[in-house]
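S.K.: Pasting a structure here, questions to come.
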Amino acid sequence: MKRFGVEGGTGTGGQHLPFARAVAADGWLYVSGQVAMVEGEVIDGGIVAQSHQAIRNVIAILEEAGYGPEHVVRCGVWLDDARDFQSFNRVFKEYFGTNPPARACVVSPMVVDCKVEVDCVAWKRP
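Residue 91 in the UniProt record's numbering sits at position 91 of the sequence shown; the count goes up by one each step and never skips.
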């Protein structure tokens, strides 16, 4: 097993995050939930800007581990507001339209002040 980002990412207010950004095992890669955070702070903007940033954060972790969007098997999505569903889908399609993964999307209050969180599971032959 290989863990990515255990050296200590930071969340809002510089808080140490006590989990790996991703864990690879036997061809599988589990990417922790990503929000629209840059350098420990959630970016300004609505659902479109935050969706782009959250997905770019997921893709950066995939690439760090040697994977790409084409390897994503499933995504989990948490939206703060159900009215953002269509806007999120338009952004999601820009990144995963060619190779759409399975996906679950739920509405949930967020732990940080953001509009969306995205995680994923990817696989490629080891």
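Where is the CB? At the ideal position from N, CA and C, for every residue including glycine.
(1) From the DSSP output, read off the bridge partner residues of V73.
(2) If V111 sits next to Y30, beta carbons under 8 Å apart, how far is it from one beta carbon to the other, in whole angstroms?
(3) At 3 residues or longer, and completely inside the region 94-126: list those beta strand (DSSP E) runs for me, N to C.
(4) Given a cut-off of 8 Å, decide if P126 and D44 are closer than it, judged by their beta-carbon atoms.
(5) When you compare only the Cα positions, how much space is there between C105 and W78?
(6) For N99, is the classification buried or exposed, using 16 other Cβ atoms within 10 angstroms of its Cβ as the cut-off for buried?
(7) Going by CA-CA distance only, name the one from R83, N89 and G66 that's closest to S108.
M.R.: The structure says:
(1) In the sequence shown, the residue the question calls residue 73 occupies position 73. Under DSSP, V73 takes part in no beta bridge, so it has no partner.
(2) If you number the sequence shown from 1, residue 111 lands on position 111. If you number the sequence shown from 1, residue 30 lands on position 30. Separation of the CB atoms of V111 and Y30 is rounded to 19 Å, and the pair is thereby denied contact status at 8 Å.
(3) Counting whole runs of 3 or more residues, the region 94-126 contains the beta strand (DSSP E) stretches 102-107 and 116-123.
(4) In the sequence shown, the residue the question calls residue 44 occupies position 44. In the sequence shown, the residue the question calls residue 126 occupies position 126. Against a cut-off of 8 Å, the Cβ pair of P126 and D44 comes out as no contact.
(5) Taking the first residue of the sequence shown as position 1, residue 105 is located at position 105. Taking the first residue of the sequence shown as position 1, residue 78 is located at position 78. Rounded to the nearest whole angstrom, the CA to CA distance from C105 to W78 is 6 Å.
(6) Position 99 of the sequence shown, counted from the first residue, corresponds to residue 99. With a threshold of 16 other beta carbon atoms within 10 Å, N99 falls short and is exposed.
(7) On the sequence shown, residue 108 is found 108 positions in, with the first residue counted as 1. For the residues R83, N89 and G66, the minimum Cα distance to S108 belongs to R83.
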